[in-house]
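Take a look at the structure set out below.
Numbering (the working numbering), first residue to last: 9 to 259.
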């Protein structure tokens with residue numbers, strides 16, 4: 009009988025040990041799940057546009073602003089046969105340079121420069137190499153503003169005109185327009201209408217967009233002087249570069 013009691017006691021102790029191990033494992037698993045959920049909630053969310061229907065697959069590069077920059081585009085024969093241009097955006101100088109092909113099919117021939125506004129502090133435009141995925145003549149933004157000639161290059165980030173209060177060419181945010189040439193956007197690359205339209209018309213889906221931090225020496229055509237709008241003018245709602253025949257600046 010004594011042996012029977014000892015045997016049952018050992019079984020009881022084993023049962024308690026196994027149960028305790030299961031409880032501890034469950035607690036550890038719960039802690040890990042809670043930590044993982046907290047990390048996901050604290051991850052940054054891209055801010056710039058709510059109209060994205062697709063995402064490009066390119067991932068941002070981890071390029072240091074202090075690193076030496078050489079604007080080189082990684083292309084193959086298929087890309088060369090289908091695309092006339094590559095786009096370089098220098099965040100540090102707020103300058104866009106369009107590169108065309110030389111006789112060897114390499115994109116190192118700068119053909120056009122544009123003054124832009126990249127993302128301001130806290131809303132930085134992501135460094136990396138991307139491709140144009142979607143294009144819209146008008147795009148509604150997350151803050152309910154609108155942009156003309158929008159080209160998506162990565163998730164919620166687009167190249168487009170300076171924003172408008174409404175989907176109306178005579179209702180531009182002229183104070184924002186006068187910030188062209190400085191970091192002022194919520195992450196997108198802003199341009200005057202003429203430049204945004206040029207990219208929209210000449211750079212098809214799949215065109216490479218390279219965002220980098222460089223110096224003025226990485227802008228071979230320099231940085232064009234930004235247009236400004238006289239905020240007291242009756243025409244202030246229009247972008248002076250908009251080629252629309254109804255633009256009063258053109259009369």
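Here a beta-carbon is modelled for each residue, glycine too, at the ideal position from N, C-alpha and C.
All values derive from a computational prediction rather than experimental measurement.
message: Suppose you measure from the CA of residue 259 to the CA of residue 111; what does that come to, to the nearest Å?
response: 41 Å
message: Within the continuous alpha helix (DSSP H) that includes residue 218, where are the two ends?
response: From DSSP, residue 218 is part of no alpha helix (DSSP H) but of the beta strand (DSSP E) over 216 to 220.
Residue from 137, 191 and 254 with nearest C-alpha to residue 101: 191
query: Beta carbon of residue 204, beta carbon of residue 178: below 7 Å?
result: no
field: For residue 238 and residue 95, the rounded distance between their alpha carbons
entry: 30 Å
- request: With DSSP collapsed to three states, give me the class of residue 85.
  value: helix
field: Which of helix, strand or coil DSSP assigns to residue 110
entry: If DSSP states are grouped into helix, strand and coil, residue 110 belongs with coil.
field: Supposed close pair residue 172, residue 144 - CB separation, criterion 8 Å
entry: Wrong, their Cβ atoms sit about 13 Å apart, outside the cutoff.
- request: Please classify residue 204: does DSSP put it in a helix, a strand, or coil?
  value: helix
- prompt: Going by the beta-carbon positions, is the gap between residue 195 and residue 165 smaller than 7 Å?
  reply: yes
task: Could you name the residues of the same chain whose beta carbon sits closer than 7 Å to that of residue 116, not counting the 5 residues immediately before and after it, in chain order?
output: 107 and 110
task: With DSSP collapsed to three states, give me the class of residue 210.
output: helix
message: Closest to residue 158 by C-alpha separation, out of 141, 254, 152 and 174, would be which residue?
response: Comparing Cα positions, the closest option is 141.
Close Cβ partners of residue 181 (< 8 Å) along its chain, the five nearest in sequence each way excluded: Residues 153, 170, 171, 172 and 173 of the same chain have their beta carbon placed closer than 8 Å to that of residue 181, with the five preceding and five following residues left out of the count.
query: Taking the alpha-carbon positions, what's the residue 118 to residue 90 distance?
result: 18 Å
query: Can you tell me where the alpha helix (DSSP H) with residue 250 in it begins and where it stops?
result: From DSSP, residue 250 is part of no alpha helix (DSSP H); its letter is neither H nor E.
task: Would you mind sorting residue 127 into buried or exposed? The rule is 16 or more other CB atoms within 10 Å of its CB.
output: buried
message: In the DSSP output, what is residue 148 paired with across the bridge?
response: 154
query: To the nearest angstrom, how far is it from the Cα of residue 245 to the Cα of residue 223?
result: 33 Å
- prompt: Taking the continuous alpha helix (DSSP H) assigned at residue 183, which residues delimit it?
  reply: 182 to 185
Assigned secondary structure, residue 225 (DSSP; H/G/I helix, E/B strand, else coil): helix
query: Quick one: Cα of residue 225 to Cα of residue 135, how far?
result: 18 Å
message: To the nearest angstrom, how far is the alpha carbon of residue 113 from that of residue 84?
response: Between residue 113 and residue 84, the C-alpha separation is close to 9 Å.
query: When you compare each of 248, 252, 231 and 92 to residue 189 by their alpha carbons, which one comes out closest?
result: Checked all of 248, 252, 231 and 92; the closest Cα to residue 189 is 231.
- request: Kindly list the residues whose CB is nearer than 8 Å to the CB of residue 129, restricted to its own chain and excluding five residues on each side of it in sequence; keep chain order.
  value: By the criterion of a C-beta distance shorter than 8 Å, residue 129 is surrounded in its chain by 191, once the five residues flanking it on both sides are discounted.
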